[in-house]
Every structure is written in C-alpha cells, then in structure tokens.
Amino acid sequence: MKSEKSTRPFWMLTFAISDLRSRISALKVFLACLILGVTLVAATASLYRVIEQSLLADTRTLLGGDVELEASEPLPDEVLAWIRATGSLSLVRELDTMVSGAAVSGATVSGANEAGDDSGASFVRAEILIPDAAYPLYGELQLMPDQPLAELTAPKDGLWGAIIDPLLAERLGQSIGDQIQIGAAIFRISGLIQAQPDRSLMANWRGLPIMISEAAVEATGLIRPGSRVDYEYRVQTDRDLDAWLNEFEQAFPNTRWDTTTFAERSERLSERLDQIATALILIAFTTLFIGGLGVANSIHAYLNEKLGTIATLQTLGLRRRPLVAIYLLQIGLLGSLAGIIGGAIGLALSAAALGLAGDALALPGSGDTGVAGQWIALWLVPLLLSWLFAVLTAYVFALPALARALAASPAGLFRGRVQAASHEPRSWRIASYVLLAVYIAATLFWLPSPQLGLLFLLAVVLLWGLLEGLIKGLQRAAKALEDRGFAGRNFARRLALANLHRPDSPLRATLLSLGTALTLVVACTLLVGTLLRALESTIPAEAPALILYEVFSDQIDPLKSGLESLDPASRIELLPMVRARLAAINNEPIADVLADNSQARREAMGDEYKLSYLSGNPEDLELVSGNWWSSPAPEGEPAFMAMEDREANQLGLTVGDTVEFQAEGQTIAAEIRAIYQQKGLQTRFWFEGVLQDGALDELTGRYVGVVYQTDSAAKTSQQWLARNIPNVITLRTADWLETAGNLLNKATAGLATVALVSLTASLLVLSSVVSVSRRRQLYEANLLYCLGARHRAIWQSMLLETGLLTLLSTFFATVLGALIAIPLASLLLKLPAGDLWWLGALVAGAVSSIALLAGLLPTLRALRLNPALLLREG
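The numbering of the sequence shown is the working numbering, which starts it at 24 and goes up by one.
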C-alpha cells in the first residue's frame with residue numbers, strides 16, 4: 024500500500040507529460056500568449072529595479088549634499104557663517120550660454136568677422152559650471168585624464184582649460200586638445216567629464232556641462248550686472264536634517280532661496296519613478312491579461328479533444344482526485360515552462376537595454392555579499408515572480424474550462440459523443456474566485472505604486488461592466504434585427520445575426536481580445552498623429568526662426584541693427600522678463616499661508632516666477648477663466664494680472680485674488696483677472712504670469728524675444744550674436760524641431776512597440792477563438808449544405824458575420840481609444856486631437872479587417888472538402 028502511494032505521484036507526472044506530448048501542438052497558443060505577456064512583465068520589472076537601484080542608491084550623491092540651497096544671488100555672509108558652523112559647504116555657480124566647436128582665431132573673436140562668416144561653425148547650448156575647491160561633497164568627480172580639477176582648468180599656452188561632457192564633445196566634433204569658444208574667449212579642451220556625481224538628469228536636453236575655473240569666467244564676458252547666474256550651495260552635515268531645517272528656518276524666516284534636502288529629492292524622484300514604472304508594468308499586465316484570454320480559449324480547445332480520454336479514464340476506474348491532479352499538473356507544467364522562457368527572454372531584453380545605456384545606469388559598487396544581493400534582487404527575483412505570475416495566469420484562466428471538462432458525464436461514451444458540462448461546479452467556481460483574488464493581491468503588492476494599480480483595477484472592472492452591458496445590448500439588437508425587417512427572408516443575414524447572439528458567439532472574445540488591443544493602437548495612433556501634425560504643420564507655420572534669451576536693455580539697439588544688417592527682412596519682437604518671488608496672497612505673507620506645510624512653504628518661497636506683459640499675446644495664451652484687458656497699469660494701484668493655470672491651481676488661486684511679488688527689493692502688487700493655459704509644444708518662454716503694460720517698467724532689465732527670418736539667415740544671426748553679444752542665448756527653431764523630431768521618432772517607436780506587442784497577443788487570442796469555433800463552423804456549414812443550403816449563402820453569412828464583428832470592434836476601439844488619447848493630448852501636450860478620430864478609425868478598421876479575414880479564409884477553404892468526410896470528423 025505504501026509502495027502504491029509512493030509511486031502514484033510519479034505515475035501521475037509521467038502520464039501528464041506523455042498526455043501533453045501527444046497533443047502539445049494544440050497548446051501552442053497557450054504557451055505563446057503566456058510567454059509574450061511574461062516577457063513584458065519580466066523586462067519592465069527588472070528594468071525598473073535596476074533604474075531604481077541606480078538612481079536612488081545614494082540620493083545624497085545625486086543632490087550633491089545633504090541639503091541644497093539654490094539662489095539667484097550670493098547668500099548673505101551671516102547665512103554662510105551659520106551653515107559653516109553646522110557643517111561643510113560647497114558652491115557651484117551655473118550659467119547657460121552658447122559654445123562653438125570651431126577653431127577660431129583671435130582676430131575673429133575680437134570682432135573682425137562682423138558679417139558673421141564663421142566658416143561653418145555650429146553653436147550648441149551648454150551649462151557652464153564653476154565649482155569651488157570643496158566640490159564635490161559626496162561622490163567622486165571622474166575626469167579624463169585623471170588629474171586634479173584645478174590643474175586641468177588652469178591656463179596653458181595662453182588658453183584656459185575647459186573640461187566638457189563627452190556627449191558635448193561628440194556634438195561639437197571635438198576632442199581633448201581642440202579649442203572651443205565660450206563667450207568672448209577661446210578655451211582649450213583639457214579633459215572630459217567621465218562621471219559627475221550631481222549631474223542633472225535633464226542635462227542631455229537642457230544643456231551639457233562644461234567646467235571652468237573661477238579665474239576664467241571674467242575672460243568669457245558672460246557675467247555682467249543683471250546676468251542670470253544660479254548659485255547652488257550644497258551642505259554636508261552630521262545633524263538630523265529635520266532639526267537642521269527647523270533651526271535654519273528659525274534663524275532666517277524670510278528666506279528667498281529654494282531649499283531641498285536629499286530625502287525630499289529622493290521622495291520626489293522615487294514617486295515619479297514609481298508612477299512611470301507602474302504604468303509600464305500595468306501595460307505589461309494588460310498584455311498578460313489579454314494573453315490569458317488566449318490561454319482560456321486554447322485550454323478549452325485542448326480539453327474538448329481530451330473529453331473522450333477523461334471519460335475513458337473515469338470508466339476504467341480512475342478516481343476523481345488523481346484525475347483532477349493530472350490535469351492541474353499539466354496546466355502547472357505549461358505555465359512553468361512559459362514563465363521560465365518568458366522570464367529569461369524578458370531579462371535578456373532588459374540586459375540588452377542596460378548594455379545600450381552604458382554607464383548611465385551603472386549600479387553602485389559593493390562588496391561580495393552586496394553583489395550577490397544585487398544579483399538576486401535585480402535578476403533572480405523578477406525571474407521567480409515572472410514564473411509565479413505565469414502559473415497564476417494559467418490557472419486563473421484555465422480553471423473554468425477544466426472544471427467543465429472534468430464535470431463531463433462518462434455516459435457520453437455510450438452515446439458516441441462526450442460533452443463538457445455547461446457550468447462549472449460550485450466548489451470550482453469558489454476556487455476560481457479565490458485564485459483570482461490571490462492574483463489581484465499579488466499584482467497590487469508587486470506594483471511600485473499600489474494606488475495607481477488600484478485605480479487601474481477599478482477602471483478595468485468598470486470597463487468590463489460596460490463591455491458586458493455592451494455585449495448584451497449588441498446580442499439583443501442582433502436578435503431583434505433577425506426577427507424584424509433587416510434580415511427578412513435572407514438566409515445569409517439571418518444566419519450571421521444568429522451567430523452573434525447564440526450562447527457560444529465569438530462576439531465577447533473578439534471584443535475583449537481584438538477590441539482591447541485595437542483600443543491601445545487607436546490611442547497611440549491619435550497621440551503620434553497629433554504630435555506629427557504639431558511638428559510638421561502648426562509649429563513651422565507659426566514659429567520664428569530664432570528664439571532669444573537674456574537680452575539686456577542696452578543691447579536692444581545693437582542687436583536689432585546687427586540682425587537687420589544681416590537680413591533686412593528680419594522682424595524682431597522682444598518682451599520684458601522679470602524674475603520675482605511670491606511674497607503674499609490676499610495680503611497674507613506666504614509663510615503664514617503655508618505655515619502648516621514646511622516643504623510646500625519652502626518651495627513656494629524659493630520658486631521664481633517669470634513675469635512679462637501681454638503685449639499682443641505673442642505666446643497665444645488661452646484663457647481658462649476671466650478676461651484680458653486693454654488698458655495700461657494704473658499708478659499707485661495693483662496691476663491686472665493673468666496667472667498660469669498650473670501655478671494658480673497649486674496655490675488655490677482664482678480670479679479676484681490678490682498677490683504680491685518681490686523683485687530686486689521692490690514689491691509688485693497685482694490682482695488676478697484671468698487664468699490661462701500654455702500652448703504646450705508651441706510655448707517658447709513659459710511665463711508664469713503676465714501683467715498690464717507698464718507694471719514692470721522700473722524693474723525691466725532683461726528681455727526675451729523672437730526673430731522671424733529664413734533658417735539660413737537665422738544660422739548666420741546665431742553666429743553673429745555668439746561673437747558680438749555672447750551673453751545672449753539663442754535657439755534655432757530648426758534645431759529644436761530636429762531634436763523634437765528625433766525624440767518623437769523614439770516615442771513613436773516605443774508606442775508602436777507597445778501597440779504591436781498588445782496586438783500580437785490579441786491576434787494569438789483571436790487565433791485561439793478561431794481554433795475553438797472552426798470545427799463548429801465547419802460541422803454546421805456542411806450540415807447546412809447537406810440539408811440543401813448553397814455554399815454561396817453559407818459564405819455570405821460567414822463574410823457578413825466577419826464584417827459585423829469588424830465594424831463592432833472598430834467602433835468599440837475607436838471610441839475607447841479616443842477617450843484615452845484626446846484628454847492626454849489636451850492636458851499633457853496642450854494640443855487638439857479630437858478631429859483626428861477618423862485616423863484612429865481607419866487604422867482600427869484596417870487592422871481588424873485583416874485579422875478577422877485572416878482567420879476566416881482557412882475556414883472558407885476547408886468548405887471545399889468532401890462534406891461527408893467533414894461530418895464524420897465532426
């Protein structure tokens with residue numbers, strides 16, 4: 024007896040494997056659907072873990088200190104003394120400028136080339152860093168060659184040294200030993216920045232870093248009274264940061280600088296990273312869910328073929344418990360195989376992506392134990408979780424079909440046909456619900472942001488309910504049309520409509536699988552189409568050729584005359600820009616308004632607001648509430664102001680509220696008369712507030728502007744400005760469009776990949792639907808043919824059924840895809856997408872037609888076979 028019990032598990036495993044091998048081809052869709060979904064889950068999860076470890080391992084290094092104080096002017100001596108008494112201090116000054124990689128002679132730099140002929144020099148925006156001797160407080164600055172920073176930035180052969188970012192060197196086509204122009208001076212590239220501990224995450228887009236010495240700044244001519252220079256102070260302290268901040272705020276309550284701790288930066292970065300990762304992982308789980316439908320259909324078809332085997336085993340005396348264990352074991356084996364294969368592929372894709380990223384996502388070094396722990400956390404855990412979710416998905420979607428198959432009566436063997444039960448037993452249904460609850464709980468537990476996951480789950484439940492209601496409504500409509508005038512006595516129409524509302528109709532599976540994937544395809548199509556239209560039509564027609572920043576009052580006349588001499592057709596528009604800090608809301612100091620939230624108070628008091636005039640509304644700002652004005656600012660009274668919607672919403676401001684700003688020691692009082700929103704991609708200056716003309720006259724020292732001219736003239740103008748007015752920062756629209764186009768191409772490729780993977784999973788599901796229904800269709804079609812129906816009528820009914828399914832899938836996907844894409848385009852991109860709905864419908868219609876017709880054609884070809892043979896096989 025003991026021997027029998029000990030050999031039973033081995034016997035069941037052997038039988039399960041041999042039984043699977045006999046019909047493994049019927050489960051190809053089962054494996055493919057699971058592998059595809061698990062691959063995405065494993066890839067996104069492992070990438071998230073690596074990025075999280077890389078960015079958040081030491082946020083002190085990322086920030087550059089325990090605390091960062093950012094100001095637009097040097098901190099007072101008493102503040103510096105207080106900080107030095109409580110810790111170490113380092114200062115990095117930063118300013119933006121244009122640099123050229125051309126080897127320019129001294130005569131050219133001095134202004135000999137007034138016409139702007141530069142022999143093809145190109146200018147790139149860069150960020151000049153001027154670190155002090157204490158930099159960096161955390162981490163290590165790695166330079167090539169490996170020499171001290173002071174030595175590399177010292178003068179040699181009459182030229183100051185500059186250490187530049189390798190990507191900047193690549194863009195300029197320069198290397199160590201070559202020369203670059205920074206402002207009015209020529210520098211020698213003395214080294215490359217191999218690793219910078221506090222490098223900005225946005226440096227590749229906002230300006231790549233160049234390090235020079237304090238003594239070299241004067242030679243550039245970039246800093247003059249009123250120049251925009253950021254003073255970034257980093258503090259290193261052993262004290263508790265909360266206590267340090269409280270004492271600092273008590274000592275200096277009316278601060279006018281932005282204070283950030285490494286913990287706050289870590290929290291913000293972690294929150295944003297979690298949100299992005301959750302969105303990507305949810306897309307992967309959506310694909311896995313869609314694949315689960317293919318699992319259900321595939322296992323249903325497989326078990327239908329095994330009904331005779333199941334009934335025979337029961338007839339021969341095999342008890343129910345080992346029979347159940349055999350087929351549960353088969354599902355577990357298939358899920359495990361798919362999980363291991365999909366997990367391995369996903370981790371390989373993740374490793375390949377990390378290899379392409381290079382040192383950008385390098386993990387922090389650690390000892391042998393730390394390396395082993397990292398390896399387990401970053402690779403082994405995602406692989407094990409991928410296997411777990413593959414097995415859970417297999418059981419969740421296969422259990423109902425398995426329950427109905429095992430509930431089949433063996434008596435069907437004597438009638439010549441065994442049929443699965445119409446409903447699963449109550450115990451199996453309870454087990455399915457429990458397993459589904461475990462699956463959902465495990466998913467929410469694994470997600471970086473469970474709150475977003477819960478919202479996603481609620482949205483899925485809501486959409487599922489709406490979809491069920493839609494399916495029932497469509498089935499009732501099909502039945503009503505069949506009974507009324509549309510079908511009439513037309514046999515093909517009546518048969519097609521009957522196939523839509525019958526109990527085993529493919530309508531639900533088609534809308535769930537193909538409709539869900541097409542929804543994602545439509546959403547991606549609308550977003551990409553909106554961006555392409557904005558870049559290729561709207562922006563080129565409206566945008567100037569050159570955008571100007573940091574123009575001083577005494578430079579306006581020389582700038583206009585110089586640019587007009589290069590291109591008499593140039594049109595130049597300048598707007599004043601004043602940087603101010605918010606001081607009061609409704610006559611209450613901002614420190615009192617936000618007294619209960621220290622972090623929000625520091626952010627509000629440290630933020631700078633860019634203020635300007637409406638001046639004909641060149642930014643084409645769109646009103647959200649309130650009205651514009653036409654009169655200038657009155658003397659001695661608050662000026663009218665319009666505030667950007669994001670800032671107003673963050674502070675809870677509405678039309679009618681009053682605000683006060685501080686700029687250069689003066690108070691700017693204003694009454695909010697309007698709230699506006701930016702134009703997204705078409706916005707150039709991102710003003711946080713615009714006031715009545717005249718309200719800023721006494722404070723205006725800098726301007727921003729645009730130049731309308733041809734692109735070739737804009738390039739010459741950019742070169743002339745870099746030589747003659749080097750503090751002016753310029754941006755050519757053509758360069759911006761090229762960069763935006765490259766980013767859009769990458770985004771398009773990413774969106775297309777996501778949509779393609781989801782569509783592939785849906786096509787696999789659809790193929791499983793076809794495989795399940797194909798035998799039934801062939802049997803019924805040939806039965807109808809034997810009863811006198813013509814092949815033409817049968818073909819017409821199948822084509823009409825496919826056409827109706829295509830139409831319904833297209834409509835379903837277009838509506839849901841538009842509901843997703845239009846708000847995203849409006850809120851995030853500030854671009855209209857509603858008028859492109861036809862493009863989404865066109866794509867959805869084409870894809871669904873190809874997919875459904877591809878599944879129908881084999882069935883139509885099979886109808887040419889001998890009906891008697893098909894009936895015998897049926």
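Cβ atoms here follow ideal geometry from the backbone N, Cα and C, with glycine treated the same way.
Practice prompt. Using alpha carbons as the reference points, say which of Lys-329, Asn-522, Leu-518 and Leu-477 lies closest to Ala-428.
Written response: Walking along the sequence shown from the start, residue 428 turns up at place 405. Among Lys-329, Asn-522, Leu-518 and Leu-477, the Cα nearest to that of Ala-428 is on Lys-329.
Item to complete: Tell me where the alpha helix (DSSP H) around Tyr-158 begins and ends.
Response: Residue 158 sits at position 135 when you count from the first residue of the sequence shown. Neither: Tyr-158 is in no alpha helix (DSSP H) and is coded neither H nor E.
Discussion item. Rounding to the nearest angstrom, what Cα-Cα distance links Gly-244 and Phe-663 in this structure?
Written reply: Walking along the sequence shown from the start, residue 244 turns up at place 221. Walking along the sequence shown from the start, residue 663 turns up at place 640. Counting only the Cα atoms, Phe-663 lies some 38 Å from Gly-244.
Worksheet item: Would you say His-524 touches the ligand SAM, meaning its beta carbon is less than 7 Å from a heavy atom?
Response: What this structure holds is no ligand at all, so the ligand SAM is not there to describe.
Worksheet item: Using a beta-carbon distance below 8 Å, is Ser-653 in contact with chain C?
Response: This model lacks chain C altogether; it includes just one protein chain.
Discussion item. Would the segment 204 to 216 count as touching the segment 740 to 750 if we require 3 or more Cβ pairs under 8 Å?
Written reply: yes
Fill in: Run of the alpha helix (DSSP H) containing Asp-188, from where it starts to where it stops
The residue labelled residue 188 in the question sits at position 165 within the sequence shown. First-last for Asp-188: undefined, no H or E at that position.
Item to complete: Select from Arg-725, Ala-736 and Asn-610 the residue whose C-alpha is nearest the C-alpha of Gly-568.
Response: In the sequence shown, residue 568 corresponds to position 545, counting from 1. For clarity, residue 568 is Ala in the given sequence; the question names Gly instead. Measuring from the Cα of Ala-568, the nearest candidate turns out to be Ala-736.
Worksheet item: Between Gly-868 and the rest of its own chain, which residues show a CB-CB distance below 6 Å, the 5 nearest in sequence each way excluded?
Response: If you number the sequence shown from 1, residue 868 lands on position 845. Cβ neighbours of Gly-868 beyond the five flanking positions: Thr-833.
Fill in: Nonlocal neighbours in the same chain, by C-beta distance under 8 Å from Gly-629, ignoring five residues either side
Counting from one through the sequence shown, the residue named residue 629 turns up at place 606. So the list reads Glu-93, Thr-278, Arg-279, Trp-280, Asp-281, Thr-282 and Arg-604, once near-sequence residues are dropped.
Practice prompt. State whether the segment 582 to 594 contacts the segment 737 to 745, with contact taken as three or more CB pairs (one from each stretch) at a distance under 8 Å.
Written response: yes
Discussion item. With a threshold of 6 Å on Cβ separation, who are the neighbours of Ala-173 within its own chain once the five nearest residues in sequence on each side are excluded?
Written reply: Position 150 of the sequence shown, counting from 1, holds the residue named residue 173. Around Ala-173: no qualifying Cβ.
Fill in: Given 8 Å, three or more beta-carbon pairs between the segment 408 to 419 and the segment 457 to 466
They touch, by the three-pair rule.
Discussion item. Can you confirm whether the segment 172 to 189 touches the segment 261 to 268 when touching is taken to mean that 3 or more C-beta pairs between the two stretches lie within less than 8 Å?
Written reply: no
Practice prompt. Would you kindly check if the distance between the Cβ of Val-52 and the Cβ of Ser-409 is under 8 Å?
Written response: Against the sequence shown, residue 409 aligns to sequence position 386. Against the sequence shown, residue 52 aligns to sequence position 29. No.
Fill in: Helix, strand or coil at Gly-214 according to DSSP, with G and I counted as helix
The sequence position of residue 214 within the sequence shown is 191, counting from 1. If DSSP states are grouped into helix, strand and coil, Gly-214 belongs with the strands.
Item to complete: Starting from Leu-92, follow its DSSP beta bridges and name the residues at the other end.
Response: For the purposes of this step, residue 92 is taken as residue 69 along the sequence shown, with counting starting at 1. Beta-bridge pairing links Leu-92 to Tyr-256 and Thr-282.
Worksheet item: Do the segment 473 to 485 and the segment 445 to 454 make contact, defined as three or more Cβ pairs closer than 8 Å?
Response: no
Worksheet item: For Leu-43, does the three-state DSSP call read helix, strand or coil?
Response: Here residue 43 is taken as the residue at index 20 of the sequence shown, counted from 1. Correct three-state label for Leu-43: helix.
Fill in: Chain-order list of residues whose beta-carbon lies under 6 Å from that of Leu-372 (same chain, five-residue window excluded)
Taking the sequence shown and counting its residues from 1, one reaches residue 372 at position 349. For Leu-372, where only same-chain residues beyond five positions count, the Cβ hits under 6 Å are Ala-66.
Discussion item. Taking the alpha carbon of Gly-724 as the reference point, which residue from Gly-679, Pro-599, Val-73 and Gln-701 has its own alpha carbon closest?
Written reply: Counted from its first residue, the sequence shown places residue 724 at position 701. Among Gly-679, Pro-599, Val-73 and Gln-701, the Cα nearest to that of Gly-724 belongs to Pro-599.
Worksheet entry | Pro-599, DSSP secondary structure in three states | Residue mapping note: residue 599 aligns to position 576 of the sequence shown, counting from 1. Here Pro-599 sits in strand by DSSP.
Fill in: Rounded separation between Leu-493 and Leu-530 - CA only
The sequence position of residue 493 within the sequence shown is 470, counting from 1. The sequence position of residue 530 within the sequence shown is 507, counting from 1. The C-alpha of Leu-530 is placed about 11 Å away from the C-alpha of Leu-493.
Item to complete: Just the C-alpha distance for Leu-865 and Ala-836, rounded to the nearest angstrom, thanks.
Response: Sequence index remark: in the sequence shown, residue 865 carries index 842 (1-based). Sequence index remark: in the sequence shown, residue 836 carries index 813 (1-based). Our two residues, Leu-865 and Ala-836, have alpha carbons roughly 11 Å apart in a direct line.
Worksheet item: Does DSSP put Pro-881 in a helix, in a strand, or in coil?
Response: By one-based count along the sequence shown, residue 881 stands at place 858. Helix.
Discussion item. Thr-677 and Pro-471 - do their beta-carbons sit closer together than 8 Å?
Written reply: For this step, residue 471 is matched to residue 448 along the sequence shown. For this step, residue 677 is matched to residue 654 along the sequence shown. Taking the C-beta atoms as reference points, Thr-677 is found no nearer than 8 Å to Pro-471.
Fill in: Proximity below 8 Å, CB of Gly-315 to CB of Val-419
Mapped onto the sequence shown, residue 315 falls at position 292. Mapped onto the sequence shown, residue 419 falls at position 396. Going by C-beta atoms, Gly-315 is nearer than 8 Å to Val-419.
Item to complete: Measure the beta-carbon distance from Val-729 to Ser-593 and round it to whole angstroms, keeping in mind my assumption that it falls under 8 Å.
Response: As a working mapping, residue 729 is identified with position 706 in the sequence shown. As a working mapping, residue 593 is identified with position 570 in the sequence shown. In fact, because the Cβ distance is near 11 Å, the residues do not count as touching under 8 Å.
Worksheet item: Which residue comes first and which comes last in the alpha helix (DSSP H) that contains Arg-696?
Response: Along the sequence shown, one-based indexing puts residue 696 at 673. Taken as a continuous stretch (DSSP letters only), Arg-696 belongs to no alpha helix (DSSP H), being part of the beta strand (DSSP E) at 689 to 700.
Practice prompt. Within 10 angstroms of the Cβ of Asn-650, are there 16 or more other Cβ atoms? Answer buried if so, exposed if not.
Written response: As a working note, residue 650 is residue 627 in the sequence shown. Exposed.
Worksheet item: If you follow the beta strand (DSSP E) that Lys-633 is part of, which residue opens it and which one closes it?
Response: Translated into positions along the sequence shown, residue 633 becomes position 610. 632 to 636 is the span of the beta strand (DSSP E), which, as asked, contains Lys-633.
Discussion item. Alpha carbons only, please: which of Thr-466, Ile-233, Tyr-256 and Ala-665 is nearest the one belonging to Ala-307?
Written reply: Here residue 307 corresponds to residue number 284 of the sequence shown, with the count starting at 1. Comparing Cα positions, the closest option is Thr-466.
Worksheet item: Quick one: what does DSSP say Ala-238 is sitting in, helix, strand or coil?
Response: For the purposes of this step, residue 238 is taken as the residue at position 215 of the sequence shown. Here Ala-238 sits in coil by DSSP.
Practice prompt. Could you check if Phe-33 is buried or exposed, using at least 16 other CB atoms within 10 Å of its CB as the buried criterion?
Written response: By one-based count along the sequence shown, residue 33 stands at place 10. Burial check for Phe-33: the Cβ neighbour count within 10 Å stays below 16, so the residue is exposed.
Worksheet item: Roughly how many angstroms lie between the CA atoms of Lys-830 and Arg-525, to the nearest whole one?
Response: On the sequence shown, residue 830 is found 807 positions in, with the first residue counted as 1. On the sequence shown, residue 525 is found 502 positions in, with the first residue counted as 1. This sequence places Leu at residue 830; Lys is not what is there. Taking the straight line joining both Cα atoms gives about 19 Å.
Worksheet entry | Between the CA atoms of Leu-497 and Ser-872 - distance to the nearest angstrom | Translated into positions along the sequence shown, residue 872 becomes position 849. Translated into positions along the sequence shown, residue 497 becomes position 474. About 19 Å.
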